[in-house]
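Going by our numbering, the sequence shown opens with residue -4, and the numbers climb by one from there. Idealized CB from N, CA, C, for every residue including glycine.
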Amino acid sequence: MEYTIKRFAKLSGVSARTLRYYDEISLLKPKRINSSGYRIYGEKEVDRLQQILFYRQLELPLVAIKNILDSPDFDVEQALNDQWYQLSQKMADIKRLLVAIEQTLNHYKGECKMSDQEKFTAFKKQKINENERKYGQEIRTKYGEKTIDASNQKFMGLTEIQMQEMTTIEQELFEKLKVYVADSHIDSSLAQEIFDLHKKWLSYTWSNYSADAHKGVALMYVTDERFTSYYNQQGASLAQALHDIIQYYAH
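Shown next as structure tokens:
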């Protein structure tokens, strides 16, 4: 079965404008262009768009999705199994949040007592699962199971105040990076402040500091599109700037 872009948009629920954009960035090319100049999509394109939509549900950036689908090692059955697992984890997170809401309602009704720690357990667990879905395989391969498990355990033990501090530090880090990239001087007090902020931010989840590990994290910021996108969505070139600063100051 073949579809014009209009029919393909209706079939998939993806707008024609988005399909044209996917064509422009070579994420989803049409099967062919007909004699009238219209994009025509076939079964192969249908299957690829389905994969794109699955990965979008997992919040992967388009560049990362393209790299996955274009990889010579891409296996659709393995991809579907991975997607099923990751989406099931997201569903478990939602169920956990629903339970937390019920417990909180009962707390306010006076039917039970929630500790301050319990009020944030579901949110912290959700954050850990999100990181595992996005980066788990890479960071566990790089740093080992014990290190990542210890980091997750420390994060689960953070108090509400520590969670707020961690968020504040990250926001301050973004703001200082934006100032830095406008006038970059690696040997400057601002660069040192940025390094210290990032090191302090890591201390909330790292049991022991290692300069080599810090440099390894920085390298992932520029070699893994998912990490790069996380920082660059706050401002152009932030990932590269942070990488350069960490490599310079970590010792």
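Proximity of residue i and residue j at Cβ, strictly below 8 Å
i           : j           : result
residue 186 : residue 204 : no
residue 14  : residue 6   : no
residue 124 : residue 68  : no
residue 194 : residue 180 : no
residue 237 : residue 206 : no
residue 137 : residue 202 : no
residue 172 : residue 211 : no
residue 12  : residue 25  : no
Of the listed residues the options, nearest to residue i (C-alpha basis)
i           : options              : result
residue 165 : 48, 10, 134 and 226  : 226
residue 54  : 232, 246 and 222     : 222
residue 167 : 189, 77, 156 and 151 : 189
residue 95  : 224, 80 and 120      : 120
residue 130 : 158, 59, 231 and 154 : 59
residue 57  : 80, 155 and 19       : 19
residue 197 : 245, 80, 17 and 178  : 245
residue 191 : 2, 103 and 241       : 241
Nearest-angstrom Cβ-Cβ length linking residue i and residue j, presumed shorter than 8 Å
i           : j           : result
residue 74  : residue 46  : 7 Å
residue 219 : residue 133 : 7 Å
residue 37  : residue 97  : Contact flag wrong, Cβ pair sits at about 48 Å.
residue 21  : residue 61  : 7 Å
Same chain, Cβ closer than 7 Å to residue i, five either side skipped, listed in chain order
i           : result
residue 43  : 23 and 64
residue 216 : 222, 223, 226, 234, 237 and 238
residue 143 : 134 and 135
For residue j and residue i, the rounded distance between their alpha carbons
i           : j           : result
residue 82  : residue 139 : 24 Å
residue 258 : residue 233 : The question about residue 258 has no answer, for the chain in this structure spans -4 to 246.
residue 127 : residue 146 : 12 Å
residue 0   : residue 30  : 14 Å
residue 152 : residue 177 : 37 Å
residue 77  : residue 135 : 16 Å
residue 17  : residue 9   : 11 Å
residue 79  : residue 48  : 13 Å
residue 50  : residue 122 : 18 Å
residue 105 : residue 184 : 52 Å
residue 66  : residue 163 : 38 Å
residue 72  : residue 103 : 47 Å
residue 2   : residue 52  : 23 Å
residue 41  : residue 141 : 42 Å
Cut-off 8 Å between Cβ atoms - residues of its own chain near residue i, not counting five sequence neighbours on either side
i           : result
residue 101 : 107
residue 39  : 26
Cut-off 6 Å between Cβ atoms - residues of its own chain near residue i, not counting five sequence neighbours on either side
i           : result
residue 27  : 35
residue 243 : 181
residue 117 : 91, 92 and 95
residue 161 : 199
residue 169 : 229
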